[in-house]
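Heads up: the structure comes next, in structure tokens.
Pasting the structure below:
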């Protein structure tokens, strides 16, 4: 199954699609979402998101790449973190599954995914990595033609992912 880890900036990934951790209103918000809006043609991306309207928690929607080196940005609205209820892990796994399914429906073969809804005010990173790893592995098992790269922006998180998931580095 083609699942990889990459340490770097998801907005520079030359791939079919990247995933954005969005709010339900699809507006620019802190975190990876802000980085994606900043690197893209912001006005074009804001227009594309306004056209889509709202996105329910767990739902994924697609916009064009808007100046990024990808064909699509897959936006997924994620759950809050209220202490670790099983439902929170289920909802987070659904975010990964639905984002990858939307990319699949857009005929994407290579997708870059950040660690979504993790860290400050969200699920602890180790738990989030386990959820992400299981959800991505499950999807890739059912769709072996897709290559999914989990993109991490900080060395410490990348090292943690290597220990927890044991995945290979993305090919150069």
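Numbering (full-length UniProt numbering), first residue to last: 1 to 172. Idealized CB from N, CA, C, for every residue including glycine. Treat the numbers as computed from the prediction; the structure is a model and nothing was measured.
Ranked by how close their Cα comes to the Cα of residue 94, the residues 56, 125, 155 have 56 in first place.
In the DSSP assignment, residue 70 falls within the beta strand (DSSP E) that extends over 70-77. Assignment of beta strand (DSSP E) within the stretch 26-113, counting only whole runs of 3 or more residues, yields 60-64, 70-77 in chain order.
Taken through DSSP and simplified to helix, strand or coil, residue 13 comes out as coil. For residue 23 and residue 76, the gap between their C-alpha atoms comes out near 8 Å. Beyond the five residues adjoining it in sequence on each side, residue 143 comes within less than 8 Å, by CB distance, of 100, 104 in the same chain, given in chain order. By the CB criterion at 7 Å, residue 72 and residue 60 fall outside the cutoff. Residue pairing by DSSP places residue 18 opposite 73, 112 in a beta bridge. Non-local beta-carbon contacts of residue 83 in its own chain, meaning distances under 8 Å to residues more than five positions away in sequence, are absent.
Note on geometry: alpha-carbon atoms of residue 53 and residue 26 lie some 7 Å from one another.
The beta-carbon separation of residue 151 and residue 111, rounded to 10 Å, does not stay under the 8 Å limit for a contact.
Excluding its 5 nearest sequence neighbours in each direction, residue 58 has C-beta neighbours in its own chain below 8 Å: 76, 77, 78, 79, 91, 94, 95, 98, listed in chain order.
Per DSSP, the unbroken alpha helix (DSSP H) holding residue 160 starts and ends at 155-165. Note on geometry: alpha-carbon atoms of residue 11 and residue 171 lie some 17 Å from one another.
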